[in-house]
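Contents: one structure, followed by commentary.
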Amino acid sequence: MHKKVIIIGSGPAGLTAAVYTARANLAPLVFEGSQPGGQLSITTDVENYPGFPDGIMGPQLMDEFRKQAQRFGAECHFQTVDKVNLSNRPFKLWTGNDEYFADAIIISTGASARLLGLKSESTLMGYGVSACATCDGFFFKEKKVMVVGGGDSAAEEAIFLTKFASEVWLIHRRDELRASKIMQKRVFDHPKINIHWNNIIEDIHGTQETGVTAVVLKDTISGEKSEESCDGVFMAIGHTPNTDLFQDYIDLDSNGYIITKPDTTYTNVDGVFACGDVQDHNYRQAVTAAGTGCMAAMDSERWLENQHI
Ligand code: NAP
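Each residue of the sequence shown is one higher than the one before, counting from 51 in my numbering.
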C-alpha cells in the first residue's frame, strides 16, 4: 500500500497530526502501535487539557481525538511498525510481513516508562510490580504499596493509589520532590501517603506465586539497608523515548530523543517529521504534544506540496 503520509504512533501528537493531514486531504494512515492512544490511555483524570473545565478521563480524550481524525478520512490501524527503511523515497515500513510505502512520515512514537533495571523487578512485573497505577491500582485494595520517583508522575500515582491502598509509601532518592507545587501539596497533605526521602529500592522480594512481599530499601546518604514489607511496587521514574526503530537513520540526542530543526518538526531526513514526546523531553504535556502534531502535519503538507506530490 502506498500513502502520501504515514503517522507512526497514536498519542495526542500522532492523532492531532492525523486530524490536520486528513483535513488537508492527505488521507493519512496511522499505525497506533502497542499502546493505542499513547500514555494518556493509561491515565485517569486529565485536568489540564484546555477545553475541559471539569477534566476528562485520558482514554476518553484519546477516543475523541481518534474519532475526530477518522471523521476527516484518517485510517487507524491497530498495528505496530517493526521495521523501517528511510534511505530512499518513497520510504518503506513493515508491520510483520506487510510492506507499506510513504512519501512522508510523521514519527510520534512517544516515550515509555523507565524501570530501575533490577532482576526482581522484571521477574515480578505484572505480579505486584507495575509501571501504571491506573491499570493495576485496583488490585491493591487495602494493601500497602510503594511508589518510586519524585516527579509529577510519582505524585499522581501515589495520590491515585490512595483510592485503593491502605498505605502508600513514596520512595524518593533525594530530599525534595521534582513534582509541581500543587502536586507536592496534595502529596504532603494526604494522610495515607508517607514520603521516604533519600531512599532507593535495591531489591524486591516475592515470587510470581506470592506476588511482592517486601522491598529492600537503601538510604542514599548513610548506605544503611532495611527490609520493608509491602504488597506492590509502582515505578514512576520517568520515560525513555521510543526511537530504537529509527536510530540508523534519524539523528538522536544523547538521551535518545529525536532532534528536530529549530522551530519546526523537520528531522535530518527530508520528508520525515517528528512530534510529541519522542522529540520533546522538556514540556511533555498532552497539549504541547498536540501542538507539535499540528506543526508536523503542516510541515509535511507544505513539504509534499513543494515536492509536487
Ligand atoms: P520526571 O519529571 O523526569 O521525574 C522522574 C523522577 O524519578 C525524578 O524525581 C527522578 O529523581 C526519579 N528517578 C529517575 N530515575 C531514577 C532511578 N533510577 N531511581 C530512582 N529514582 C529515579 O518524570 P515524570 O514524573 O514521569 O514526569 C515527566 C513529565 O510529565 C514532567 O514534565 C511532568 O511535569 C509531566 N507530568 C505532568 C503531570 C500532570 O501535570 N498532571 C502528570 C505526570 C507527568 P530526581 O528528581 O532525583 O531526578
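Yeah, the Cβ is synthetic: ideal placement off N, Cα and C, and Gly gets one too. None of these values were measured; they are calculated from a predicted model.
Check	Outcome
Measure the C-alpha to C-alpha separation of GLU114 and LEU65 and round it to an integer number of angstroms.	10 Å
State the beta-bridge partners of MET285 as determined by DSSP.	VAL198
Apart from the five residues on each side of it in sequence, which residues of its chain come closer than 6 Å, Cβ to Cβ, to GLY201?	ARG228, ALA229
Mind pulling the alpha helix (DSSP H) runs of 4 or more residues that sit fully within the stretch 92-171?	108-121
As a quick exercise: from LYS311, TYR316, THR263, pick the residue whose alpha carbon is nearest that of PHE190.	THR263
Contact between the stretch 269-277 and the stretch 302-316: three or more CB pairs below 8 Å?	no
Strictly by DSSP, which residues pair up with SER276?	LEU267
With the cut-off set at 8 Å, would you say ALA340 and ALA63 are in Cβ contact?	yes
In angstroms with no decimal places, state the Cα-to-Cα distance between SER203 and ILE254.	21 Å
Once DSSP output is grouped into helix, strand and coil, what is the label at SER180?	strand
In terms of residue numbering, what span does the beta strand (DSSP E) encompassing MET257 cover?	At residue 257 the sequence reads Thr, which differs from the Met that was named. Segment 249-257, the beta strand (DSSP E) holding THR257.
With a 10 Å radius around its C-beta and 16 neighbouring C-beta atoms as the bar for buried, classify ASN138 as buried or exposed.	exposed
In terms of residue numbering, what span does the beta strand (DSSP E) encompassing VAL390 cover?	Outside the shown range of the chain (51 to 359) lies residue 390, about which nothing can therefore be said.
Look at the alpha carbon of ASP320 and the alpha carbon of ALA205, and state the distance between them as a whole number of angstroms.	40 Å
Identify whether PHE214 lies in helix, strand or coil by the three-state DSSP scheme.	coil
Near GLU252, which residues of its chain fall below 6 Å by C-beta distance, leaving aside the five closest residues on each side in sequence?	VAL266, LYS268
Can we count ARG224 as close to the ligand NAP, meaning its CB is less than 7 Å from some heavy atom?	yes
Among the residues of its own chain, which have a CB less than 6 Å from the CB of GLY288, if the five just before and after it don't count?	ARG164
By alpha-carbon positions, which one of LYS169, THR159, LEU166, THR130 ends up nearest to TYR150?	THR130
Classify GLY59 as helix, strand or coil using the three-state DSSP reduction.	coil
Please report the distance separating the alpha-carbon of ALA347 from that of ILE92.	25 Å
Strictly by DSSP, which residues pair up with GLY261?	THR257
Have a look at GLU217, GLN89, GLU125, PRO291 and flag the residue whose alpha-carbon is nearest the alpha-carbon of ILE57.	GLU125
Tell me whether ASN318 counts as near the ligand NAP, meaning its Cβ is closer than 7 Å to at least one heavy atom of that ligand.	no
Given this structure, state the Cα-to-Cα distance separating ILE221 from VAL283, to the nearest angstrom.	10 Å
Thinking C-beta only, is VAL328 closer than 8 Å to SER158?	yes
With a 10 Å radius around its C-beta and 16 neighbouring C-beta atoms as the bar for buried, classify ARG17 as buried or exposed.	Only positions 51 to 359 of the chain appear in the structure, and residue 17 is not among them; the question remains open.
Taking DSSP's pairing of strands, which residues face LYS53 in a bridge?	ALA152
What separation, rounded to the nearest whole angstrom, lies between the Cα atoms of THR270 and TRP247?	9 Å
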